[in-house]
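Chemist: Just dropping this structure here.
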Amino acid sequence: MAKKTNDSQGPVSSSATKTPEEASPRRMVLRVRQGEAKKRLSSLMRAEEGEKRAVSVKRSKTKQKKKGAKVDPNMPKKPPTAFFYFLEDFRKEFQEQNPDVKTMQKVGKAGGEKWKTLSYEGKVKYYDIAMKKRAEFDEAMSEYIERKESGEGDETEDDEDYDI
DNA sequence: GACGTGATTGTTCTT
DNA sequence: AAGAACAATCACGTC
């Protein structure tokens with residue numbers, strides 16, 4: 000965790016050379032991907048998603064809750080984005096200041112506004128978390144794929160409870 | 001009692 | 001290049 004002392008300041012302190020605006024968070028975030036697993040991911044994902052897509056027509060208007068998604072406990076779900084992490088913290092604060100407001104809709108709206116007002120420095124913090132999370136997600140996915148390719152119908156343990 | 005809904009932005013995939 | 005889909009959360013509405 001402390002190892003990021005020198006390189007981590009890339010996004011934040013280097014602002015002297017590059018302005019935060021130029022260093023759009025998106026760009027920086029985009030850099031992390033591209034792994035061997037990614038390739039496999041694409042092919043596998045396509046197949047899996049294809050199944051879902053074919054069956055699913057969701058997205059009626061709102062609510063993207065996937066319903067037909069196979070119940071694959073091994074299949075890692077998309078990790079929350081920086082904004083979601085920001086909301087996590089924002090929620091606490093917001094609830095403290097607005098105990099009356101409990102609905103996430105209000106919080107989401109307020110969070111969205113605040114998020115826009117957040118400075119690059121403030122956002123980069125969450126971006127960093129999200130980035131790391133995505134890295135784990137890729138790794139988890141790769142493992143999941145391997146397992147799947149290895150033996151999909153094997154499934155030895157899922158949640159079987161050993162009495163032992 | 002259980003499920004879907006609604007609201008926000010970000011990332012990734014798909015075509 | 002642009003769009004579509006899905007990610008988490010929680011109160012409320014509906015059946």
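Residue 99 in numbering that gives the first Met the number 0 sits at position 100 of the first sequence; the count goes up by one each step and never skips. Glycine residues also receive a C-beta, built at the ideal position from the N, C-alpha and C atoms. Small disclaimer: the values here were computed from a predicted structure and weren't measured.
Mapping the DSSP letters down to three states, classify valine 100 as helix, strand or coil.
Modeler: Working through the first sequence from its first residue, we reach residue 100 at position 101. In this structure, valine 100 counts as coil in the three-state DSSP scheme.
Chemist: Between which residues of its own chain and glycine 188 is the CB-CB distance below 8 Å, once the five residues before and five after are set aside?
Modeler: Residue 188 cannot be examined here, being either before or after the span of the chain that is shown, 0 to 163.
Chemist: In whole angstroms, give me the CA-to-CA distance for arginine 90 and methionine 140.
Modeler: Taking the first sequence and counting its residues from 1, one reaches residue 90 at position 91. Taking the first sequence and counting its residues from 1, one reaches residue 140 at position 141. Straight-line Cα distance between these residues: approximately 29 Å.
Chemist: For serine 13, is the classification buried or exposed, using 16 other Cβ atoms within 10 angstroms of its Cβ as the cut-off for buried?
Modeler: In the first sequence, the residue the question calls residue 13 occupies position 14. The predicted model places serine 13 with a pLDDT of 41, which falls under 50 and marks its position as unreliable, so this point remains unresolved.
Chemist: What is the DSSP secondary structure of leucine 117, reduced to helix, strand or coil?
Modeler: On the first sequence, residue 117 is found 118 positions in, with the first residue counted as 1. Note: leucine 117 maps to coil in three-state DSSP.
Chemist: Going by CA-CA distance only, name the one from Ala134, Val100 and Ile128 that's closest to alanine 81.
Modeler: Residue 81 sits at position 82 when you count from the first residue of the first sequence. For alanine 81, the nearest C-alpha among the options comes from Ile128.
Chemist: According to the neighbour-count rule (16 or more other Cβ atoms, all chains shown, within 10 Å of its Cβ), is methionine 130 buried or exposed?
Modeler: In the first sequence, the residue the question calls residue 130 occupies position 131. With 16 or more other Cβ atoms from the protein chains shown falling within 10 Å of its own Cβ, methionine 130 counts as buried.
Chemist: Could you tell me the distance, in whole angstroms, from the CA atom of lysine 76 to the CA atom of arginine 133?
Modeler: To locate residue 76, count along the first sequence from 1; it is residue 77. To locate residue 133, count along the first sequence from 1; it is residue 134. If I take the Cα positions, the gap works out to 10 Å.
Chemist: Should aspartate 137 be labelled buried (16 or more other beta-carbon atoms within 10 Å of its own) or exposed?
Modeler: As a working note, residue 137 is residue 138 in the first sequence. Buried, by the Cβ-count rule.
Chemist: Quick check: the Cα distance between glutamate 112 and lysine 105, rounded to an integer number of angstroms?
Modeler: In the first sequence, the residue the question calls residue 112 occupies position 113. In the first sequence, the residue the question calls residue 105 occupies position 106. Answer to the nearest angstrom: the Cα atoms are 11 Å apart.
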